[in-house]
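Q: When you number the sequence shown by the numbering used here, it's gap-free, plus one each residue, and the end is 727.
C-beta atoms are modelled at their ideal positions from N, C-alpha and C, and glycine is treated no differently.
Predicted, not measured: the structure shown is a model, and the values here were computed from it.
Dropping the structure in here first, questions after.
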Amino acid sequence: MKIELNKRIILDQLRIDEKPVGVVDGKMVFEPNPKKAPYIVFDTKLVGFGVKVSAGRKTFVMQKKVAGRVVKAKVGDVSDFAKLEDARTKATELSLSIRQTGSNPNAERRRLIASEITLGDAMARYLTHLKNRKNPATENTIKGFERSERKLSFWKSRRVKSLASDEIKEKFDELAATARTATEQTFRWASVSVEHVLSLEAVNAQSEGRQPGLLANPFKTLVHLGCYRTRAELETEWEKNRMRKPMDLAEVGRFLEAVWAKRFVNDNDTGCDFILLMLLWGCRKSEHAGLVWREILAPEGREPKSPQDDPFKVSWLDLSEGALRFHKTKNQRPHKLPLGPCAQKLLQMRQQAQSERWANKEGFVKKRRFVFPAQSEASKAGHYVNSNDLLERLADEAGLPGITQHDIRRTFGQIAQNHAALAPHLVKRLLNHANGDVTDRYTQAEWGMVKDAITKVEEIILKAAPNVWNALRPEGAEELPAPEPHQLKPTRPRPGRPRKQLVGGDV
Numbered sequence: 221m222k223i224e225l226n227k228r229i230i231l232d233q234l235r236i237d238e239k240p241v242g243v244v245d246g247k248m249v250f251e252p253n254p255k256k257a258p259y260i261v262f263d264t265k266l267v268g269f270g271v272k273v274s275a276g277r278k279t280f281v282m283q284k285k286v287a288g289r290v291v292k293a294k295v296g297d298v299s300d301f302a303k304l305e306d307a308r309t310k311a312t313e314l315s316l317s318i319r320q321t322g323s324n325p326n327a328e329r330r331r332l333i334a335s336e337i338t339l340g341d342a343m344a345r346y347l348t349h350l351k352n353r354k355n356p357a358t359e360n361t362i363k364g365f366e367r368s369e370r371k372l373s374f375w376k377s378r379r380v381k382s383l384a385s386d387e388i389k390e391k392f393d394e395l396a397a398t399a400r401t402a403t404e405q406t407f408r409w410a411s412v413s414v415e416h417v418l419s420l421e422a423v424n425a426q427s428e429g430r431q432p433g434l435l436a437n438p439f440k441t442l443v444h445l446g447c448y449r450t451r452a453e454l455e456t457e458w459e460k461n462r463m464r465k466p467m468d469l470a471e472v473g474r475f476l477e478a479v480w481a482k483r484f485v486n487d488n489d490t491g492c493d494f495i496l497l498m499l500l501w502g503c504r505k506s507e508h509a510g511l512v513w514r515e516i517l518a519p520e521g522r523e524p525k526s527p528q529d530d531p532f533k534v535s536w537l538d539l540s541e542g543a544l545r546f547h548k549t550k551n552q553r554p555h556k557l558p559l560g561p562c563a564q565k566l567l568q569m570r571q572q573a574q575s576e577r578w579a580n581k582e583g584f585v586k587k588r589r590f591v592f593p594a595q596s597e598a599s600k601a602g603h604y605v606n607s608n609d610l611l612e613r614l615a616d617e618a619g620l621p622g623i624t625q626h627d628i629r630r631t632f633g634q635i636a637q638n639h640a641a642l643a644p645h646l647v648k649r650l651l652n653h654a655n656g657d658v659t660d661r662y663t664q665a666e667w668g669m670v671k672d673a674i675t676k677v678e679e680i681i682l683k684a685a686p687n688v689w690n691a692l693r694p695e696g697a698e699e700l701p702a703p704e705p706h707q708l709k710p711t712r713p714r715p716g717r718p719r720k721q722l723v724g725g726d727v
């Protein structure tokens, strides 16, 4: 389709819902374009110059045939040119460049940009990708990536193609000497960032019929030279340093007795319940922190008033259904679990205690929302967030220094596999491992099977601590002979500046 273009035609007559099919008496004839397919109208005044109409956008293009091959280049958006003649002038320049080089000058410019890209640019692009992809990276992932950016700031302005293998290896060895794990993570982030740029550049180069501006990822040197530790080497190191060590049943018993004793002093019930339920559910530390009571969300069939009211956009716990649902998990999929009878009893105790504690206080509605509410009214999250300090004290009470929150999850997995003897697919379901067969939708039979499994694991865990089992055991379950309750050690002085001495000697 050709016609002498002018601003009136371009701005007023060309639309995506109609497509010109001819010219009659100097006027364009249109037909419907129901699929809104893009089209080009060429100019009779300048050969090869035209305007491309697509959904929400109009673009000037220049098209020229060179050596039997059509080369098309973008001139610019229609809105970029106040006068049509300015667009024709730029198109003429592009046409000359295409004839001289046989390639799209825009593509050549992109090739040069790719060849000159710095490590800082590559990592910035990948960070943008992490934040804006369909399933955005978690906050912890973003923070970890940004730490790696800072650690490699000395190469921020270095062109990727100028980084030599020997230089990368030397810097890796230097940093790994003092922080091996962090260094491996840092250089892996650099490598995946460059690989991201390489992949996009390869696609662009192929579509534009040119050679890529960047051909290799220099950080792959570390893989080829075997600089990263293998899984077997990591396992050996973790065992040697007592890292990633799940608790055995005897240790679980000591730990839970300490948790239960601590629960009843100094308003530690929320933190202790948080840790105890982490063990009973095998969840990651970030998954259950923001749990809300299901009954305060929009009921089924009612339109939510806000995202915070939507049961499909928050993590919730439903005592009437006997279930919980984690909305945000590491593998970006929701995860629904049944409640074991002991967990259900503990949560009923929590709900009742919350109602009594805040019934006549301001902020009750906000506090009432969360299963694990924050103690401080100034909390931005509104819910319990960090149990590291409490966990350290509990581990010290139980004589288990170094226990981490993820060790608690590993303990659940070990007990499910070795003591409850659950089938591997059931262990994966309970732990929400990133496999295609893990889901938050179950048939009635599957739900019963998962409930039986988590109940079995729960019973094994709690029976390791008879005082805890006796307090939470289901109705009709046998009471166990129990030792004296755990005696807490004297409270350690809080770190930091001493409290002020008040008049009268009171502190």
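(1) Between the alpha carbons of Gly656 and Lys227, how many angstroms are there, rounded?
(2) Considering only residues of the same chain and omitting the five flanking positions on each side of Thr659, which have a CB-CB separation below 6 Å?
(3) Sort Ile635, Ile674, Thr456 by Cα distance to Val472 and report the nearest one.
(4) Locate the beta strand (DSSP E) running through Ser599, then write down its first and last residues.
(5) With a 10 Å radius around its C-beta and 16 neighbouring C-beta atoms as the bar for buried, classify Asp245 as buried or exposed.
(6) Taking its Cβ as the centre, do 16 or more other Cβ atoms sit within 10 Å of Pro644, making it buried, or is it exposed?
(7) Since I believe Phe269 is in contact with Ala311 (beta carbons under 8 Å), could you give me their beta-carbon distance rounded to a whole number of angstroms?
(8) Please name the residue or residues paired with Gln283 in a DSSP beta bridge.
(9) Tell me whether Ile318 is buried or exposed, calling it buried when 16 or more other Cβ atoms sit within 10 Å of its Cβ.
(10) When you compare only the Cα positions, how much space is there between Leu650 and Lys533?
(11) Going by CA-CA distance only, name the one from Glu699, Arg629, Leu646 that's closest to Met467.
(12) If you follow the beta strand (DSSP E) that Cys554 is in, where does it begin and where does it stop?
(13) Count the other CB atoms, across all protein chains shown, that sit within 10 Å of the CB of Ala275; report buried if there are 16 or more and exposed otherwise.
(14) Using 8 Å for Cβ pairs, my map puts Arg308 next to Leu266. What's the rounded Cβ distance?
(15) Taking the straight line between their C-alpha atoms, what separation do you get for Val423 and Leu434?
(16) Can you list, in chain order, the residues of its chain with a C-beta nearer than 8 Å to that of Glu576? Leave out the 5 residues immediately preceding and following it.
(17) Pick helix, strand or coil for Pro703, following the three-state DSSP scheme.
(18) State the start and end residues of the unbroken alpha helix (DSSP H) segment that holds Lys310.
(19) Quick one: what does DSSP say Thr456 is sitting in, helix, strand or coil?
(20) Could you tell me which residues DSSP pairs with Lys278 in its beta bridges?
(21) Return the CA-CA distance between Leu476 and Asn638, expressed in angstroms with no decimal places.
(22) Mind checking Gln572: buried by the 16 CB within 10 Å criterion, or exposed?
(23) Where does the unbroken beta strand (DSSP E) through Leu511 begin, and where does it stop?
(24) Per DSSP, what are the beta-bridge partners of Leu537 in this structure?
(25) Nearest to Phe369 by alpha carbon, out of Ala618, Gln405, Ser385?
(26) When you compare each of Ala399, Leu445, Trp480 to Ser385 by their alpha carbons, which one comes out closest?
(27) Quick check on this structure: which residue in Tyr259, Gly542, Phe546 has the alpha carbon closest to the alpha carbon of Leu559?
(28) What is the rounded straight-line gap between the Cα of Thr398 and the Cα of Ser540?
(29) Who are the near neighbours of Ala478 in its chain, counting only those whose CB is closer than 8 Å to its CB and skipping five residues on each side?
(30) From Asn360, Lys354, Asn355, Glu366, pick the residue whose C-alpha is nearest to that of Leu347; which is it?
(31) Between Lys648, Ile674, Leu316, which lies nearest to Val295 when the distance is taken from Cα to Cα?
(32) Return the Cβ separation of Ile190 and Val417 in integer angstroms, given the expectation that the two are a contact with Cβ distance under 8 Å.
(33) Only counting the same chain, and skipping five residues up and downstream in sequence, which positions put a Cβ closer than 8 Å to that of Gly725?
A: From the atom records:
(1) Low confidence applies here, because Gly656 scores a pLDDT of 47, under 50, leaving its location unreliable; read the following figure in that light. The alpha-carbon of Gly656 is positioned some 54 Å away from that of Lys227.
(2) Low confidence applies here, because Thr659 scores a pLDDT of 48, under 50, leaving its location unreliable; read the following figure in that light. Hits under 6 Å: none found.
(3) That would be Ile635, whose Cα lies nearest to the Cα of Val472.
(4) Where Ser599 is concerned, there is no enclosing beta strand (DSSP E), given that its DSSP letter is neither H nor E.
(5) Flag for Asp245 reads exposed.
(6) So Pro644 ends up on the exposed side.
(7) Ala311 to Phe269, Cβ: 5 Å. Contact.
(8) Answer is Lys292.
(9) Per the 10 Å Cβ criterion, buried.
(10) Cα to Cα, Leu650 sits roughly 21 Å from Lys533.
(11) Answer by Cα proximity: Arg629.
(12) Strictly speaking, residue 554 in this sequence is Pro, with Cys absent from that position. Here Pro554 belongs to no beta strand (DSSP E), and DSSP marks it neither H nor E.
(13) Ala275 is classed as exposed because its beta carbon has fewer than 16 other beta carbons within 10 Å across all chains shown.
(14) Contact between Arg308 and Leu266 holds, with the beta-carbon distance rounding to 5 Å and staying under 8 Å.
(15) Taking the straight line joining both Cα atoms gives about 12 Å.
(16) Result list for Glu576: empty, nothing under 8 Å.
(17) In the structure shown, the three-state DSSP call for Pro703 is coil.
(18) Boundaries of the alpha helix (DSSP H) around Lys310: 304-321.
(19) Thr456 falls in the helix class under three-state DSSP.
(20) Val273, per the DSSP bridge assignment.
(21) So the two alpha carbons sit approximately 19 Å from each other.
(22) With fewer than 16 other beta carbons inside 10 angstroms of its own, Gln572 counts as exposed.
(23) Element bounds for Leu511: n/a, residue is neither H nor E.
(24) By DSSP's assignment, Leu537 forms a beta bridge with Trp513, Leu544.
(25) The question names Phe, yet the displayed sequence has Glu at residue 369. Answer by Cα proximity: Gln405.
(26) Nearest option by C-alpha distance: Leu445.
(27) Comparing Cα-Cα distances from Leu559 to each of Tyr259, Gly542, Phe546, the minimum goes to Gly542.
(28) The alpha-carbon atoms of Thr398 and Ser540 are separated by roughly 52 Å.
(29) Here the set comprises Leu614, Glu617, Ala618, His706, Leu708.
(30) The candidate whose alpha carbon is nearest that of Leu347 is Glu366.
(31) Among Lys648, Ile674, Leu316, the Cα nearest to that of Val295 belongs to Leu316.
(32) Not covered by the structure: residue 190. The range shown for the chain is 221 to 727.
(33) Confidence in Gly725 is poor, its pLDDT being 38 and thus under 50, which makes the residue's placement too unreliable to answer from.
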